[in-house]
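Below is one structure, written out as structure tokens; comments come after it.
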DNA sequence: GTATATGCAAAGGTTTTGCACAGCC
DNA sequence: GGCTGTGCAAAACCTTTGCATATAC
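Protein chains in written order, with the numbering used here: chain A, 8 to 150; chain B, 8 to 150.
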């Protein structure tokens with residue numbers, strides 16, 4: 008069951024609907040997030056874009072990310088150091104990051120169902136497991 | 008089953024054993040962590056100490072925390088924004104932080120046992136749930 | 001044409017680093 | 001006395017903000 012990949016246009020469509028403008032910078036930032044295979048830091052976007060679009064300013068990236076997050080098309084998560092951005096609704100999995108070697112694995116949300124139910128039942132808490140990673144030791148670093 | 012509270016002396020003992028020196032600054036930093044009821048940010052320590060021990064420098068705090076973490080007596084976790092330090096072995100619980108109101112609750116490690124077993128069995132991953140918080144919506148903010 | 005978005009520059013906050021001096025052992 | 005630890009100052013790093021200009025609509 009493959010997902011239709013999100014296209015930059017659909018994000019820009021959302022912007023227009025809300026009365027925001029479609030600028031080359033915004034288009035480029037969105038493309039960078041889409042092309043980053045998951046998640047990317049704000050500064051990472053700025054640096055990658057600097058090559059393709061000289062003159063683009065980091066503050067534009069920060070402001071655009073804030074805006075996109077506000078209208079709900081992107082979200083950020085914490086996978087170790089600092090915020091990483093991704094499209095809301097994509098990237099719906101939990102990160103397991105190894106404290107020793109830094110490698111990351113993915114965990115499907117399905118595997119978390121029993122844990123989620125426990126939190127909802129016992130603590131009346133609706134978890135978003137994608138927001139923070141889970142640290143630990145991976146198979147190679149365990150012993 | 009109450010735990011014996013860790014005393015600054017025992018930490019300083021560890022320092023001495025490893026050939027490090029016991030200074031008033033280090034003593035004060037350790038006391039601040041002990042007295043912080045759980046966790047505290049590096050800059051928080053520096054600011055609180057500034058009152059009791061004028062002249063103490065933030066860089067000393069950062070360097071001391073690095074050292075203490077290196078020798079294993081303190082650890083840090085990420086509960087929302089930035090690193091918070093606590094004594095290794097104390098504070099052994101998971102934080103649930105509400106993305107909406109910011110309140111935090113605690114979860115015992117016992118409640119996580121089935122989840123831990125799943126990660127170990129299916130992913131050969133040994134999780135440290137205390138390192139990152141779990142984000143979500145608390146009872147008051149759920150609906 | 002007008003309101004919004006961008007670039008630039010400056011400032012803000014946190015953390016790191018180099019170096020000389022102080023102080024623990 | 002020697003070597004480690006600290007203070008100080010500066011820099012590095014990331015992010016935010018104010019303001020004038022550019023540009024999407």
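Note that the Cβ used here is the ideal one computed from N, Cα and C, for glycine as well.
Which term fits residue 91 of chain B, buried or exposed, when burial requires 16 or more other beta carbons within 10 angstroms of its beta carbon?
buried
Please return the same chain residues whose Cβ sits closer than 8 angstroms to the Cβ of residue 57 of chain A, not counting the five positions on each side in sequence.
63
Just to confirm my understanding: we take residue 127 of chain A, look at its own chain, exclude 5 residues before and 5 after, and list those with CB closer than 7 angstroms. What are they?
Spatial neighbours of residue 127 of chain A in its own chain (CB-CB distance under 7 angstroms, excluding positions within 5 residues in sequence) are listed in chain order as 133.
Would residue 79 of chain B be called buried (16 or more neighbouring beta carbons within 10 Å of its own) or exposed?
exposed
Can you pull the chain B neighbours of residue 124 of chain A, defined as C-beta to C-beta under 9 angstroms?
The premise fails here: residue 124 of chain A is roughly 11 angstroms from chain B at the closest Cβ pair, so nothing lies under 9 angstroms.
Within 8 angstroms, do at least three Cβ pairs link the segment 114-125 of chain A to the segment 19-38 of chain B?
no
In the DSSP assignment, find the unbroken alpha helix (DSSP H) run with residue 40 of chain A in it and report its ends.
Start and end: 31-41.
Could I get the ranges of all uninterrupted alpha helix (DSSP H) runs contained in the segment 45-106 of chain A, with 4 residues as the minimum, in chain order?
49-59 and 65-77, all fully within the segment 45-106 of chain A.
Go to residue 127 of chain B, then tell me how far its alpha helix (DSSP H) extends in each direction, as first and last residue.
120-130
For a contact defined as C-beta to C-beta under 9 angstroms, what are the partners of residue 145 of chain B on chain A?
Simply 130, 131, 132 and 133.
Do three or more CB pairs link the segment 92-110 of chain A to the segment 137-147 of chain A at distances below 8 angstroms?
yes
Quick one: does residue 78 of chain B have its CB under 7 angstroms from some CB of chain A?
no
Ends of the beta strand (DSSP E) at residue 142 of chain B?
141-144
Sorted by chain position, which residues of the same chain lie with C-beta nearer than 6 angstroms to residue 60 of chain B's C-beta, five sequence neighbours on each side aside?
35
Thinking just about the alpha-carbon of each residue, which of A:73, A:81 and A:50 is nearest to the one in residue 41 of chain A?
Ranking A:73, A:81 and A:50 by Cα distance to residue 41 of chain A puts A:81 first.
Identify the contact partners of residue 103 of chain B in chain A, using a Cβ-Cβ distance below 9 angstroms as the criterion.
126, 130, 132 and 134
Cβ of residue 25 of chain A versus every heavy atom of the ligand MN: is any distance shorter than 6 angstroms?
With respect to small molecules bound, the structure shown includes none, and the ligand MN cannot be examined in it.
Using a Cβ cut-off of 8 angstroms, pull out every chain A residue sitting near residue 85 of chain B, in sequence order please.
85 and 139
Residues in the same chain with beta-carbon distance under 6 angstroms from residue 113 of chain A, minus the five sequence neighbours each way, listed in chain order, please.
100
Reference residue 86 of chain B; option with closest CA among B:72, B:103 and B:73
B:103
Identify every residue that forms a DSSP beta bridge with residue 20 of chain A.
Partner(s): none; residue 20 of chain A has no beta bridge.
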